[in-house]
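Student:
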Amino acid sequence: MRLTTEAHVIIPRPRAEVFAHLAQDKALVRYCRKRGPFAAIEEAVTHGPYQVGARRRVRMSDGMSMEETITEWTVPVQHGYRWSDPPKPLGLIVDKAHGLWLFEAHGDGATKVTWRYTLTIRSRLLYPLAKALVLGFRGWMQASLNNARAGVLSS
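Per my numbering, the very first residue in the sequence shown carries number 116; after that it's consecutive.
(1) Can you give me the start and stop residues for the alpha helix (DSSP H) that Lys203 sits inside?
(2) Three-state secondary structure (DSSP) at Lys211?
(3) What residue range does the alpha helix (DSSP H) around Tyr146 cover?
(4) Would you grab the beta carbon distance between Asp210 and Thr235 for me? Rounded to a whole angstrom, and I think it's under 8 Å.
(5) By Cβ distance below 8 Å, which residues in the same chain neighbour Trp255 in space, the five residues on each side in sequence not counted?
(6) How far does the alpha helix (DSSP H) with Arg128 in it extend, from its first residue to its last?
(7) Under 8 Å, with one C-beta from each stretch per pair, do the region 228–248 and the region 203–219 reach the 3-pair mark?
(8) In whole angstroms, what is the alpha-carbon distance linking Leu244 and Met116?
(9) Mind checking whether Ser270 and His136 have CB atoms under 8 Å apart?
(10) Using the rule of at least 16 other Cβ atoms within 10 Å of the residue's Cβ for burial, across every protein chain shown, is Glu183 buried or exposed?
(11) Asp177 to Gln139, Cα distance in whole Å?
(12) Looking at the strands, I want to know which residues DSSP matches up with His136.
(13) At the level of alpha carbons, what is the spacing between Arg197 and Ala142?
(14) Excluding the 5 residues flanking Pro191 on each side, which residues of the same chain have their C-beta closer than 6 Å to its C-beta?
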């Protein structure tokens, strides 16, 4: 069973500039901050160049750590990644996930950034709990995109 959520932000800057600013490890650390029970990203390290198949290690402020694999990389259009077997307690609910950042030209020189997550839930019995988790997670994603917008505009 899968659950999908997404968050959006409009940034009044050209798509190539926004992609270059946000599609990098240091942006994840800078903008994905703690919000409620959702931890901040403390470290993100991609091994090798950004490209499909590259691996990235992400460490959260609560001590959880995951390895991601880049699944999409099209400059300046999208970057996507997947992870599986997350540590507990998240791993009790979620089996794997796919994240995707889309960068679309929007209006006169602006960019619409969409961050989409599809989570594969371990069991239908966990659906109510997973749905509540995803609602909170979407808030964390939106706050992170809002931080990213402010960062791009201040650079």
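Beta carbons are placed, not taken as given, at the ideal position from N, Cα and C, and that holds for glycine.
Tutor: Walking through what the data contain:
(1) Per DSSP, Lys203 lies in no alpha helix (DSSP H) segment and is marked neither H nor E.
(2) strand
(3) Under the DSSP assignment, Tyr146 falls in the alpha helix (DSSP H) whose first and last residues are Asp140 to Tyr146.
(4) The Cβ separation is near 5 Å, so the contact holds.
(5) Take Trp255, set aside five residues on each side of it, and the residues of its chain with a beta-carbon closer than 8 Å to its own are Cys147, Arg150, Gly151 and Phe153, in chain order.
(6) From DSSP, Arg128 is part of no alpha helix (DSSP H); its letter is neither H nor E.
(7) yes
(8) 13 Å
(9) yes
(10) buried
(11) 22 Å
(12) Per DSSP, none; premise fails for His136.
(13) 18 Å
(14) Arg130, Ala131, Phe134 and Phe218, listed in sequence order.
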